[in-house]
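So the structure is just underneath, and the comments pick up after that.
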Amino acid sequence: MNRLSYLQLEKENAEHFELAKPLWIEFNKEVNEHDGITETDEEILTDLKRRINIQGSRPDMHFEIAFIGSTPVGISMFAIDTGTIYGLLPKGCGTIMGFYIIPEYRRKGYGKELFEHIEEILNTQNSVMLYLTPDGVTGKPFWKAVGFIDSGKIDPDNEMEIYIKEKT
Numbered sequence: 058m059n060r061l062s063y064l065q066l067e068k069e070n071a072e073h074f075e076l077a078k079p080l081w082i083e084f085n086k087e088v089n090e091h092d093g094i095t096e097t098d099e100e101i102l103t104d105l106k107r108r109i110n111i112q113g114s115r116p117d118m119h120f121e122i123a124f125i126g127s128t129p130v131g132i133s134m135f136a137i138d139t140g141t142i143y144g145l146l147p148k149g150c151g152t153i154m155g156f157y158i159i160p161e162y163r164r165k166g167y168g169k170e171l172f173e174h175i176e177e178i179l180n181t182q183n184s185v186m187l188y189l190t191p192d193g194v195t196g197k198p199f200w201k202a203v204g205f206i207d208s209g210k211i212d213p214d215n216e217m218e219i220y221i222k223e224k225t
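Here the sequence shown is numbered in our numbering, starting from 58 and rising by one per residue.
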């Protein structure tokens, strides 16, 4: 298996935006299909621009593209949550806000490798635990396989189940 390499997206970098566009569109369309939501490419790209533009505002916020050689195969957005998620989880949790491996590279260990990369970074930034709200179709089986469990709590922003993983 080829190892992944990573590129941190930079604000106002047109080349980074162009690399991220197809991955972010595919990711959002897949999740939206599972959730019964319709968004135009323009709406998805507006969100991508907004997310890239918050990069650099904190050293513990990351938006990365994963590559095999020069081929982009995944995208992820993760950070240390400086809030408390409405008191549901302790302050300082690592959160994964976006995670995607293109379908032809799934079930080959790349998703696990990308997650381990994220976990290592968030642990070095002193996360107290990790959390996310997984996609109900493709996400839940993957996140359970890498050690996340359903916390029994619901995120009030998106009304999705919160899955957690204790710090290792």
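Don't be surprised by glycine CBs; every beta carbon is placed ideally from N, CA and C.
Inset, instruction - Using beta-carbon positions only, say whether Leu-76 and Glu-170 come within less than 8 Å of one another. - result: Cβ distance not < 8 Å, so Leu-76 and Glu-170 don't count as in contact.
Legend entry - Pair within 8 Å by beta-carbon distance, Leu-105 and Ile-153: Cβ distance not < 8 Å, so Leu-105 and Ile-153 don't count as in contact.
Inset, instruction - Under 6 Å Cβ to Cβ from Lys-224, same chain only, skipping five residues before and after it: list those, please. - result: For Lys-224, where only same-chain residues beyond five positions count, the Cβ hits under 6 Å are Met-186.
Inset, instruction - Using the Cα positions of Leu-64 and Phe-74, report the straight-line distance between them to the nearest angstrom. - result: Their Cα atoms are separated by approximately 12 Å.
Legend entry - DSSP beta-bridge partners of Thr-103: In the DSSP output, where bridge partners are listed per residue, Thr-103 has none listed.
Inset, instruction - Pick out the complete beta strand (DSSP E) segments inside the stretch 146-172, 3 residues or longer, and give them in chain order. - result: Runs of the beta strand (DSSP E) inside the stretch 146-172: 151-158.
Inset, instruction - Quick one: give me the first and last residue of the beta strand (DSSP E) that Phe-205 is part of. - result: Where Phe-205 is concerned, there is no enclosing beta strand (DSSP E), given that its DSSP letter is neither H nor E.
Legend entry - Classification of Ala-71 by the beta-carbon crowding that lies within 10 angstroms, buried from 16 upward: Exposed: under 16 other Cβ atoms inside 10 Å.
Legend entry - Residues that DSSP places opposite Ser-62 in a beta bridge: In the DSSP assignment, Ser-62 forms a beta bridge with Phe-124.
Legend entry - Strand pairing of Tyr-220, partner residues [DSSP]: DSSP, once it has assigned bridges, lists Leu-189, Asp-207 as partnering Tyr-220.
Inset, instruction - Evaluate contact between the stretch 115-127 and the stretch 89-104, counting only Cβ atoms and requiring at least three cross-stretch pairs below 8 Å. - result: Taking 8 Å as the limit for Cβ pairs, the verdict is that the stretch 89-104 does not touch the stretch 115-127.
Legend entry - Lys-148 to Asn-183 span [Cα, whole Å]: When rounded, the distance between both Cα atoms is 11 Å.
Legend entry - Own chain residues within Cβ distance below 7 Å of Ile-137, not counting five before or after: Non-local beta-carbon contacts of Ile-137 in its own chain, meaning distances under 7 Å to residues more than five positions away in sequence, involve Asp-117, Gly-149, Gly-151, Leu-179, Gln-182, Ser-184 in chain order.
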